[in-house]
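Q: My questions will all concern the structure given below.
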Amino acid sequence: MLAAERGAARNTIESYGRDLEDFATFCTRRKMAADAAGPDEITAYMKRLSGAGMAASTQARRLSALRQFFRFLQAERLRDDDPTQAVDAPRQARALPKYLSEEEVERLLTAARERPGADGLRTAALLEVLYATGLRVSELVGLPMAAVARDGRVLIVRGKGGKERMVPIGGPARDALGDYLAVRDGFLGKDKDARAAFLFPSRARQGHLTRARFGQVLKELAVAAGIPPKRVSPHVLRHSFASHLLAHGADLRSLQQMLGHADISTTQIYTHVLEERLKALVDQAHPLARAPLD
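Each residue of the sequence shown is one higher than the last, beginning at 107 in my numbering.
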């Protein structure tokens with residue numbers, strides 16, 4: 107159902123599979139089939155996860171997988187009820203997204219531009235496009251050649267659930283892509299037919315650059331830029347894109363569209379940036395904020 111009806115990504119399907127397998131193992135030890143579990147079994151399972159020290163966010167994801175599983179069984183008339191309705195989600199603090207300063211991103215970009223040869227041109231293009239668009243790393247490395255519009259001003263991205271969106275890209279990213287495309291054929295190797303469809307081809311089994319390899323490249327750039335590698339990841343760059351865009355006046359609805367969020371509540375994690383901007387605006391523009399107090 108996840109694959110055929112929802113068009114879920116392979117990683118999403120595998121993640122749900124692991125979560126449900128763990129719950130099934132728990133039920134087997136209690137001599138019960140997973141699809142026959144009730145609220146008591148689910149509550150006991152959640153308590154076990156909490157007792158094992160699992161993060162509240164991970165517990166919430168496990169419960170979400172169970173909710174969708176039992177709703178599926180109910181929709182297919184394999185069960186008359188949804189036992190997860192009686193189970194409360196674990197409380198979790200909403201962590202602020204981690205992001206880099208604009209100066210740190212510029213240092214990363216400089217480090218990428220200084221890498222020599224074709225590999226350097228590809229690295230610079232990847233980083234420029236990521237920071238210019240805020241794509242998910244899976245979207246970035248798996249971009250097809252057809253994603254680049256004729257005028258090069260937008261990327262056509264297929265995101266979660268197979269939904270397409272158009273994301274504009276600025277001049278630096280377009281220039282970096284142009285420089286990279288001049289040497290791209292060198293990354294095709296012998297099996298060109300299997301890789302030619304991808305914007306960033308490689309010898310990996312998928313035919314394109316892997317997420318893991320791009321993550322390694324970012325760590326290397328962080329070292330070169332004098333930034334602790336643990337602070338740099340593809341998702342941190344996505345957060346940086348969003349945070350910097352809001353800081354410079356973008357609105358949440360536009361950001362939601364570019365990030366490919368189905369619900370604006372997901373985009374609202376970046377409102378901390380808006381709050382800081384409003385504080386700065388009051389400090390700069392409000393007459394009483396500047397007037398000395400007696």
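Backbone N, C-alpha and C fix where the C-beta goes; we use that ideal spot for every residue, glycine too.
If you draw a straight line from the C-alpha of G113 to the C-alpha of S308, how long is it?
A: Translated into the one-based positions of the sequence shown, residue 113 becomes position 7. Translated into the one-based positions of the sequence shown, residue 308 becomes position 202. C-alpha separation (whole angstroms): 25 Å.
Q: Taking all protein chains shown into account, decide if I148 is buried (16 or more other Cβ within 10 angstroms of its Cβ) or exposed.
A: Residue numbering aside, residue 148 sits at position 42 when the sequence shown is read from its first letter. Buried, by the Cβ-count rule.
Q: Nearest-angstrom Cα distance between S207 and A330?
A: The residue given as residue 207 occupies position 101 in the sequence shown. The residue given as residue 330 occupies position 224 in the sequence shown. When rounded, the distance between both Cα atoms is 16 Å.
Q: In angstroms with no decimal places, state the Cα-to-Cα distance between D285 and P222.
A: As a working note, residue 285 is residue 179 in the sequence shown. As a working note, residue 222 is residue 116 in the sequence shown. Each residue's alpha carbon lies about 13 Å from the other.
Q: Using the Cα positions of Y237 and P340, report the straight-line distance between them to the nearest angstrom.
A: Here residue 237 refers to the residue found at position 131 when the sequence shown is read from its first residue. Here residue 340 refers to the residue found at position 234 when the sequence shown is read from its first residue. Using only the alpha carbons, I get a separation of about 9 Å.
Q: I need the straight-line Cα distance from G265 to T216, nearest angstrom please.
A: Within the sequence shown, the letter at position 159 stands for residue 265. Within the sequence shown, the letter at position 110 stands for residue 216. Spanning the two alpha carbons is a distance of roughly 29 Å.
Q: To the nearest angstrom, how far is the alpha carbon of S163 from that of R242?
A: For the purposes of this step, residue 163 is taken as the residue at position 57 of the sequence shown. For the purposes of this step, residue 242 is taken as the residue at position 136 of the sequence shown. Distance between the alpha carbons of S163 and R242: 20 Å.
Q: With DSSP run on the structure shown, which of helix, strand or coil describes V338?
A: As a first step, residue 338 must be located in the sequence shown, where it is residue number 232. In the structure shown, V338 sits in coil (DSSP, three-state: anything other than H, G, I, E or B).
Q: Would A139 count as contacting chain B if we go by Cβ distances under 8 Å?
A: This model lacks chain B altogether; it includes just one protein chain.
Q: Could you check which residue in L179, M364, A110 and E120 has the C-alpha nearest to that of G144?
A: By 1-based counting over the sequence shown, the position of residue 144 is 38. Out of L179, M364, A110 and E120, L179 has the C-alpha closest to the C-alpha of G144.
Q: Ignore the nearest five residues each way along the sequence and tell me which others in F129's own chain have a CB closer than 7 Å to its CB.
A: One-based indexing of the sequence shown puts residue 129 at position 23. The answer, listed in chain order, is A140, Y151 and L172.
Q: Please classify M272: is it buried, with 16 or more other beta-carbons within 10 angstroms of its beta-carbon, or exposed?
A: Along the sequence shown, read from residue 1 onward, the residue named residue 272 stands at position 166. Exposed: under 16 other Cβ atoms inside 10 Å.
Q: Please work out which residues of its chain come closer than 8 Å, Cβ to Cβ, to L294, disregarding the five sequence neighbours upstream and downstream, and give them in chain order.
A: Reading the sequence shown from its first residue, position 188 is the one you call residue 294. Contacts found: R301, A302 and P307.
Q: Tell me whether M272 sits in a helix, a strand or coil according to DSSP, three-state version.
A: Taking the sequence shown and counting its residues from 1, the one referred to as residue 272 is at position 166. M272: strand per DSSP, three-state reduction.
Q: Would you say L246 touches the ligand ATP, meaning its beta carbon is less than 7 Å from a heavy atom?
A: Of ligands this structure carries none, so the ligand ATP is not represented either.
Q: Going by other Cβ atoms of all chains shown within 10 Å of its Cβ, with 16 needed for buried, is H354 buried or exposed?
A: Counted from its first residue, the sequence shown places residue 354 at position 248. Its Cβ having fewer than 16 others within 10 Å, H354 is exposed.
Q: Looking only at C-alpha atoms, which of N117, E120 and R197 sits nearest to K153?
A: Locating residue 153 in the sequence shown gives position 47, counting from the first residue. Taking only the C-alpha atoms, the option nearest K153 is R197.
Q: Going by Cα to Cα distance, which pick from R290, P335, D281 and G267 is closest to R116?
A: Residue 116 sits at position 10 when you count from the first residue of the sequence shown. If we check each option's Cα against that of R116, G267 comes out closest.
Q: Go ahead and pull the three-state DSSP assignment for R293.
A: One-based indexing of the sequence shown puts residue 293 at position 187. The sequence shown places Phe at residue 293, not Arg. Residue state, collapsed to three classes: helix.
Q: The beta strand (DSSP E) that contains L261, what's its start and end?
A: As a first step, residue 261 is located in the sequence shown; it is residue number 155 there, counting from the start. Looking at the DSSP string, the run of the beta strand (DSSP E) that includes L261 is V260 to R264.
Q: Keeping to the same chain, check which residues put their C-beta closer than 6 Å to that of V235; ignore five residues upstream and five downstream.
A: Stepping through the sequence shown from its first residue, residue 235 is reached at position 129. Only A279 meet the Cβ criterion.
Q: Does T55 pass the burial test, meaning 16 or more other C-beta atoms within 10 Å, or should it be called exposed?
A: Here the chain has residues from 107 to 400 only, and residue 55 is not among them.
Q: Given a threshold of 16 other Cβ atoms within 10 Å of its Cβ, counted over all protein chains shown, does P189 qualify as buried or as exposed?
A: One-based indexing of the sequence shown puts residue 189 at position 83. Answer is buried; the Cβ neighbour count reaches 16.
Q: Taking the Cβ atom as the reference point for each residue, do K325 and V342 lie within a distance shorter than 8 Å?
A: For the purposes of this step, residue 325 is taken as the residue at position 219 of the sequence shown. For the purposes of this step, residue 342 is taken as the residue at position 236 of the sequence shown. The answer is no: Cβ separation not under 8 Å.
Q: When DSSP labels each residue in this structure, what does A109 get in the three-state scheme?
A: As a first step, residue 109 is located in the sequence shown; it is residue number 3 there, counting from the start. Three-state result, A109: coil.
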